[in-house]
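Protein sequence lines, in the order shown, are assigned to chains U and V.
Sequential numbering of the first sequence, starting at 5, is according to our numbering.
Sequential numbering of the second sequence, starting at 5, is according to our numbering.
Report on one structure; see the data block that follows.
Protein chains: 2
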Amino acid sequence: MPRHKAPSSVKPTRQPTLTDVAALAGVSTSAVSRTFTPGTSVAKSTRALVLSAAKKLGYRPNAIARTLSTRRSHMIGVVVCYLHNQFYPNVIELLSQLLQARGYHILLFVGNDRGPGDNATDALIHDILQYQVDGILLASTTLSSLVAAHCQAAHIPIVLFNRVASVQSATTVESDNFQGGQLAARLLFERGARRIGFIGGVVDSSTSRDREAGFLSGLSALGLPLFATAYGDYDFDTAKAVAIDMFRRPDPPDAVFVANDHMAFAVMDALRGTLGLRVPEDVQVVGFDNVPQSGWGGYELTTIEQDAERMTHAAVEALLNHIEAGASSPAQRIVTPVRVVERSSTRPAV
Amino acid sequence: MPRHKAPSSVKPTRQPTLTDVAALAGVSTSAVSRTFTPGTSVAKSTRALVLSAAKKLGYRPNAIARTLSTRRSHMIGVVVCYLHNQFYPNVIELLSQLLQARGYHILLFVGNDRGPGDNATDALIHDILQYQVDGILLASTTLSSLVAAHCQAAHIPIVLFNRVASVQSATTVESDNFQGGQLAARLLFERGARRIGFIGGVVDSSTSRDREAGFLSGLSALGLPLFATAYGDYDFDTAKAVAIDMFRRPDPPDAVFVANDHMAFAVMDALRGTLGLRVPEDVQVVGFDNVPQSGWGGYELTTIEQDAERMTHAAVEALLNHIEAGASSPAQRIVTPVRVVERSSTRPAV
DNA sequence: TTGTACGCGTTATCAT
DNA sequence: ATGATAACGCGTACAA
Chain U
5 MPRHKAPSSV
15 KPTRQPTLTD
25 VAALAGVSTS
35 AVSRTFTPGT
45 SVAKSTRALV
55 LSAAKKLGYR
65 PNAIARTLST
75 RRSHMIGVVV
85 CYLHNQFYPN
95 VIELLSQLLQ
105 ARGYHILLFV
115 GNDRGPGDNA
125 TDALIHDILQ
135 YQVDGILLAS
145 TTLSSLVAAH
155 CQAAHIPIVL
165 FNRVASVQSA
175 TTVESDNFQG
185 GQLAARLLFE
195 RGARRIGFIG
205 GVVDSSTSRD
215 REAGFLSGLS
225 ALGLPLFATA
235 YGDYDFDTAK
245 AVAIDMFRRP
255 DPPDAVFVAN
265 DHMAFAVMDA
275 LRGTLGLRVP
285 EDVQVVGFDN
295 VPQSGWGGYE
305 LTTIEQDAER
315 MTHAAVEALL
325 NHIEAGASSP
335 AQRIVTPVRV
345 VERSSTRPAV
Chain V
5 MPRHKAPSSV
15 KPTRQPTLTD
25 VAALAGVSTS
35 AVSRTFTPGT
45 SVAKSTRALV
55 LSAAKKLGYR
65 PNAIARTLST
75 RRSHMIGVVV
85 CYLHNQFYPN
95 VIELLSQLLQ
105 ARGYHILLFV
115 GNDRGPGDNA
125 TDALIHDILQ
135 YQVDGILLAS
145 TTLSSLVAAH
155 CQAAHIPIVL
165 FNRVASVQSA
175 TTVESDNFQG
185 GQLAARLLFE
195 RGARRIGFIG
205 GVVDSSTSRD
215 REAGFLSGLS
225 ALGLPLFATA
235 YGDYDFDTAK
245 AVAIDMFRRP
255 DPPDAVFVAN
265 DHMAFAVMDA
275 LRGTLGLRVP
285 EDVQVVGFDN
295 VPQSGWGGYE
305 LTTIEQDAER
315 MTHAAVEALL
325 NHIEAGASSP
335 AQRIVTPVRV
345 VERSSTRPAV
């Protein structure tokens with residue numbers, strides 16, 4: 005087999021570029037570019053030439069170069085603070101599908117730092133901005149205010165997912181946490197509970213605050229006081245610990261509303277395992293969120309369910325509209341409804 | 005306040021570039037570039053000039069442009085087929101930390117398509133290659149062989165995580181699935197089980213196959229036959245269904261080894277909820293994987309635990325070494341040990 | 001419809 | 001140590 009030697013120099017197998025394709029097809033680079041850009045006019049004959057040359061070379065457009073040229077990376081920065089809470093993997097999975105379908109991709113950042121102001125947060129902001137993402141989805145994280153502020157300054161569209169920051173003019177998608185809290189209060193009351201406690205999440209998170217506020221509102225409408233309060237930091241072990249404290253008192257609650265399912269599992273563990281109480285016979289528990297069935301274990305938990313699917317759809321819609329409409333799109337505030345659901349994995353799901 | 009008019013034209017606030025910084029600092033672009041590139045020689049004085057100018061303008065290096073120039077994106081494509089199985093979110097979280105610490109970022113792809121050969125898979129390959137990722141981590145997915153082949157062709161370093169493909173010269177990180185199967189067999193035997201069944205995952209996945217092979221090996225060493233077999237496709241509902249079938253027979257097994265925890269939860273649901281059997285009194289169940297404590301619910305499952313942390317560390321190490329050493333690094337095959345663990349969320353974890 | 005030439009923001013090369 | 005200049009691969013006026 006004869007070795008063809010290229011006129012200039014023998015370059016080691018490198019990715020074929022648009023120029024290579026143009027040369028092989030005997031057309032200009034613009035013709036090739038147009039062939040791979042939908043909505044442009046190319047003659048059928050040249051298009052065929054280009055495509056065959058491209059196939060022969062195994063050509064693939066370089067998204068990075070395109071980004072530099074068009075100033076659109078088609079990457080969305082997704083920031084979550086943890087993935088323990090099974091709510092988020094679920095959201096991310098759907099998110100990935102929706103974005104992929106519209107030609108966008110996920111640059112993932114897990115910012116699991118404790119407390120704001122540490123330098124991991126700064127590094128994260130630094131990194132995410134360097135990569136020229138077209139938009140950012142900020143999913144419930146403690147560091148959202150800081151990140152949001154920086155993104156605003158950089159004119160990057162941002163959607164706050166289940167998190168309200170103090171930043172003006174950022175679009176927000178959240179479930180009706182306040183009403184969820186009210187529902188929880190009414191539900192526990194109707195089931196006969198009278199000494200009702202609350203276990204919150206991260207104290208200064210908007211979700212925990214709103215759920216608590218709604219819960220208080222619901223209780224006071226029923227003429228009930230809040231019997232006990234504690235905060236589990238949205239963390240499994242912390243929630244377990246504070247639950248044990250709360251129920252070891254001489255006069256413990258007969259019910260508790262927990263600010264998310266992740267902690268609710270921990271609370272039920274503490275009640276049944278450590279304290280030997282029966283759930284729901286001795287203590288009733290209501291959670292909040294929407295984790296997939298496989299996460300419910302043997303718990304049979306009553307929960308306030310967020311419409312994760314709707315929230316995700318809304319977030320994608322808002323973000324991409326904002327991106328593709330330039331800066332002309334106004335900030336929205338989208339609130340999705342919640343509902344009471346009783347699920348268990350030992351019975352068919354409702 | 006006087007309006008200064010720039011000599012050329014008034015550009016609407018745009019991201020400051022390296023050139024802008026150079027102009028303001030009164031130095032060349034190279035000086036600026038060097039200032040932001042560690043390990044280069046710049047005079048202290050010019051460095052100071054550049055930094056102050058950069059700070060004044062709010063300059064941030066453009067990672068995309070850098071990628072085009074250096075041919076290193078510092079992005080790692082991570083492909084998973086689903087996030088329901090809580091094992092993967094866990095891995096991704098650690099992965100993110102490790103990569104971030106070494107200056108790399110995650111471009112996430114969720115390829116939850118059923119069966120190979122569909123065009124979603126092709127689109128995924130297409131996308132991931134366009135973005136010039138420096139390497140790919142392929143986490144247990146049915147489409148790995150195809151993806152792996154394409155990446156090999158594109159000379160992109162790739163690590164197969166918990167998945168062995170038919171591709172030569174790809175580095176592999178997996179736990180000792182075979183030995184895990186053996187352990188499961190011995191464990192169930194020691195606990196008195198004699199009619200032992202197996203519920204596998206995706207039939208042609210290497211993890212399921214290896215676990216099954218080890219299990220068979222273990223059983224035959226004990227002189228036991230395999231009492232029943234079924235496949236749950238690594239899916240919650242499917243596993244539930246096949247478990248019900250298996251245990252509704254006139255002479256059901258007295259124990260079952262399930263190829264991962266995700267399905268093991270489903271199986272225990274079926275046994276206790278649908279069939280009214282007691283676990284472990286009537287039926288013993290052993291799972292496989294390593295899902296975080298919060299996912300164990302009230303199950304109190306015995307499982308073969310993978311060392312997820314070690315696997316992730318190994319994967320990152322292998323991938324980055326390969327990337328930074330060019331193509332000179334040979335393909336490795338890393339196998340991490342497993343161990344029997346009994347965990348429950350109603351008792352303190354072991 | 002097609003081709004030419006320049007810009008995108010950065011790094012690398014080679015002088016100085 | 002510093003500066004001019006050419007890549008990097010692609011879009012896109014603008015001209016033909």
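Using N, Cα and C, we set each Cβ at its ideal position, and we do this for glycine too.
No experiment lies behind these values; they were computed from the predicted model shown.
Step through the CB atoms of chain U and report whether any lies within less than 8 Å of the CB of SER77 of chain V.
Start at 1 with the first residue of the second sequence, and residue 77 of chain V comes out as number 73. Yes, contact with chain U.
Counting only beta-carbon atoms, is ILE96 of chain U nearer than 8 Å to chain V?
As a working note, residue 96 of chain U is residue 92 in the first sequence. Taking a beta-carbon distance threshold of 8 Å, ILE96 of chain U counts as an interface residue toward chain V.
So what does DSSP say about TYR235 of chain U, is it helix, strand or coil?
Your numbering for residue 235 of chain U matches position 231 in the first sequence. Assignment of TYR235 of chain U by DSSP, reduced to helix, strand and coil, places it in the strand class.
Note the first and the last residue of the continuous alpha helix (DSSP H) segment covering ASP265 of chain V.
Counted from its first residue, the second sequence places residue 265 of chain V at position 261. Start and end: 265 to 273.
Taking only beta-carbon atoms, is LEU324 of chain V less than 8 Å away from chain U?
Locating residue 324 of chain V in the second sequence gives position 320, counting from the first residue. At least 8 Å separates the CB of LEU324 of chain V from every CB of chain U.
Is VAL114 of chain V close to chain U, meaning its C-beta is less than 8 Å from at least one C-beta of that chain?
Counting from 1 along the second sequence, the entry for residue 114 of chain V is found at position 110. For VAL114 of chain V, a Cβ of chain U is located within less than 8 Å of the residue's own Cβ.
Do the segment 212 to 219 of chain V and the segment 178 to 190 of chain V meet, that is, are 3 or more Cβ pairs less than 8 Å apart?
The segment 212 to 219 of chain V is in contact with the segment 178 to 190 of chain V.
Alpha helix (DSSP H) containing ASP249 of chain U: first to last residue?
Counting from one through the first sequence, the residue named residue 249 of chain U turns up at place 245. Here the alpha helix (DSSP H) through ASP249 of chain U covers 240 to 251.
Assuming the contact rule is C-beta atoms closer than 8 Å, LEU4 of chain U and VAL262 of chain U should be a hit. Round their C-beta distance to whole Å, please.
This structure cannot settle anything about residue 4 of chain U, because the visible part of chain U is limited to 5 through 354.
Three or more C-beta pairs closer than 8 Å, one from the segment 151 to 162 of chain U and one from the segment 121 to 140 of chain U: is that the case here?
Yes, the segment 151 to 162 of chain U is in contact with the segment 121 to 140 of chain U.
Taking just the CA atoms, how far does THR71 of chain U sit from VAL82 of chain V?
In the second sequence, the residue the question calls residue 82 of chain V occupies position 78. In the first sequence, the residue the question calls residue 71 of chain U occupies position 67. Cα to Cα, the separation comes out at about 21 Å.
Within a Cβ cutoff of 6 Å, which residues of the same chain sit near ASP311 of chain U, ignoring the five residues on either side of it in sequence?
For the purposes of this step, residue 311 of chain U is taken as residue 307 along the first sequence, with counting starting at 1. The residues THR340, in chain order, have a CB closer than 6 Å to that of ASP311 of chain U in the same chain once the five nearest residues on each side in sequence are set aside.
Helix, strand or coil for LEU22 of chain U? Go by DSSP, reduced to three states.
Translated into positions along the first sequence, residue 22 of chain U becomes position 18. Looking at LEU22 of chain U - three-state DSSP - the assignment turns out to be helix.
Below 6 Å CB to CB, which residues in the same chain sit around ARG38 of chain V once its five sequence neighbours on both sides are set aside?
Looking up residue 38 of chain V in the second sequence gives position 34. These residues qualify, in order along the chain: THR44, VAL46.
Continuous alpha helix (DSSP H) assignments of at least 4 residues falling wholly in the segment 89 to 172 of chain U:
Uninterrupted alpha helix (DSSP H) stretches at least 4 residues long and entirely within the segment 89 to 172 of chain U occur at 91 to 105, 123 to 134, 148 to 157, given in chain order.
Is it buried or exposed for THR23 of chain U, if we count other Cβ within 10 angstroms and need 16 for buried?
As a position in the first sequence, residue 23 of chain U is number 19, starting the count at 1. Looking at its Cβ environment, which holds fewer than 16 other Cβ atoms inside 10 Å, THR23 of chain U is exposed.
Using a Cβ cut-off of 8 Å (strictly closer), state whether ASP138 of chain U contacts chain V.
Along the first sequence, read from residue 1 onward, the residue named residue 138 of chain U stands at position 134. Judged by the 8 Å Cβ criterion, ASP138 of chain U is not in contact with chain V.
In angstroms with no decimal places, state the Cα-to-Cα distance between VAL36 of chain V and SER73 of chain V.
Here residue 36 of chain V refers to the residue found at position 32 of the second sequence. Here residue 73 of chain V refers to the residue found at position 69 of the second sequence. Rounded to whole angstroms, the gap between the alpha carbons of VAL36 of chain V and SER73 of chain V is 15 Å.
Using the Cα positions of LEU133 of chain V and VAL290 of chain U, report the straight-line distance between them to the nearest angstrom.
Against the second sequence, residue 133 of chain V aligns to sequence position 129. Against the first sequence, residue 290 of chain U aligns to sequence position 286. LEU133 of chain V and VAL290 of chain U have their C-alpha atoms some 46 Å from each other.
I need the straight-line Cα distance from ASP241 of chain U to ALA329 of chain V, nearest angstrom please.
On the first sequence, position 237 is the one that residue 241 of chain U refers to. On the second sequence, position 325 is the one that residue 329 of chain V refers to. Their backbone Cα atoms lie some 42 Å apart in a straight line.
By Cβ distance below 6 Å, which residues in the same chain neighbour THR316 of chain V in space, the five residues on each side in sequence not counted?
In the second sequence, counting from the first residue as 1, residue 316 of chain V sits at position 312. The beta carbon of THR316 of chain V sits closer than 6 Å to the beta carbons of VAL95, LEU98, LEU99 from its chain, once the five residues preceding and following it are set aside; these are given in chain order.
Own chain partners of ARG199 of chain V with C-beta closer than 6 Å, once the 5 adjacent residues on each side are dropped:
Here residue 199 of chain V corresponds to residue number 195 of the second sequence, with the count starting at 1. The residues are PHE231, PRO257, ASP258.
Taking CB distances under 8 Å as the criterion, tell me whether TYR86 of chain V reaches chain U.
Looking up residue 86 of chain V in the second sequence gives position 82. Interface residue, yes.
At the level of alpha carbons, what is the spacing between THR33 of chain V and SER56 of chain U?
Here residue 33 of chain V refers to the residue found at position 29 of the second sequence. Here residue 56 of chain U refers to the residue found at position 52 of the first sequence. Cα to Cα, THR33 of chain V sits roughly 41 Å from SER56 of chain U.
Looking at the C-beta of THR39 of chain U, does it have a partner C-beta in chain V at a distance below 8 Å?
Here residue 39 of chain U corresponds to residue number 35 of the first sequence, with the count starting at 1. For THR39 of chain U, the answer is no, since every Cβ of chain V falls outside 8 Å of its Cβ.
Measuring straight from C-alpha to C-alpha, what distance separates HIS266 of chain U and GLY204 of chain V?
Here residue 266 of chain U is taken as the residue at index 262 of the first sequence, counted from 1. Here residue 204 of chain V is taken as the residue at index 200 of the second sequence, counted from 1. Rounded to the nearest whole angstrom, the C-alpha separation of HIS266 of chain U and GLY204 of chain V is 29 Å.
How would you label GLY185 of chain V, buried or exposed, when you count the other beta carbons within 10 angstroms and need 16 or more for buried?
Here residue 185 of chain V corresponds to residue number 181 of the second sequence, with the count starting at 1. Flag for GLY185 of chain V reads buried.
Rounded straight-line distance, which links the Cα of VAL287 of chain U to that of LEU192 of chain V
As a position in the second sequence, residue 192 of chain V is number 188, starting the count at 1. As a position in the first sequence, residue 287 of chain U is number 283, starting the count at 1. Between the alpha carbons of LEU192 of chain V and VAL287 of chain U lies a distance of about 36 Å.
Got a sec? Which residues, its chain only, sit under 8 Å from LEU281 of chain U by beta carbon, not counting five neighbours each side?
Here residue 281 of chain U corresponds to residue number 277 of the first sequence, with the count starting at 1. Non-local beta-carbon contacts of LEU281 of chain U in its own chain, meaning distances under 8 Å to residues more than five positions away in sequence, involve PHE251, LEU275, VAL287 in chain order.
Assuming VAL168 of chain V and ALA322 of chain V form a contact by the criterion Cβ under 8 Å, report the distance between their Cβ atoms to the nearest whole angstrom.
Working through the second sequence from its first residue, we reach residue 168 of chain V at position 164. Working through the second sequence from its first residue, we reach residue 322 of chain V at position 318. Contact doesn't hold; Cβ gap of about 14 Å is too wide.
By the 8 Å beta-carbon criterion, what residues does the segment 96 to 110 of chain V contribute toward chain U?
From the segment 96 to 110 of chain V, only ILE96, GLU97, SER100, GLN101, GLN104, HIS109, ILE110 have a Cβ closer than 8 Å to chain U.
Answer yes or no: do ILE80 of chain V and SER77 of chain U have a C-beta to C-beta separation smaller than 8 Å?
Your numbering for residue 80 of chain V matches position 76 in the second sequence. Your numbering for residue 77 of chain U matches position 73 in the first sequence. Contact: no.
Can you tell me which of V:ALA143, V:LEU103, V:ILE338, V:PHE91 puts its alpha carbon nearest to the alpha carbon of SER209 of chain V?
Counting from 1 along the second sequence, the entry for residue 209 of chain V is found at position 205. The residue among V:ALA143, V:LEU103, V:ILE338, V:PHE91 with its C-alpha nearest the C-alpha of SER209 of chain V is V:ALA143.
Along chain U, which residues have their Cβ under 9 Å away from the Cβ of ILE200 of chain V?
Taking the second sequence and counting its residues from 1, one reaches residue 200 of chain V at position 196. By Cβ distance, chain U contributes nothing, its closest Cβ being about 23 Å from ILE200 of chain V, past 9 Å.
Per-residue burial, ASP138 of chain U [other beta carbons within 10 Å of its own, 16 or more giving buried]
Stepping through the first sequence from its first residue, residue 138 of chain U is reached at position 134. It counts as buried.
Sort out for me which residues DSSP pairs ARG293 of chain V with in a bridge.
Position 289 of the second sequence, counted from the first residue, corresponds to residue 293 of chain V. In the sequence on display, residue 293 of chain V carries Asp and not Arg. Looking at the DSSP assignment, ASP293 of chain V forms a beta bridge with V:GLU309.
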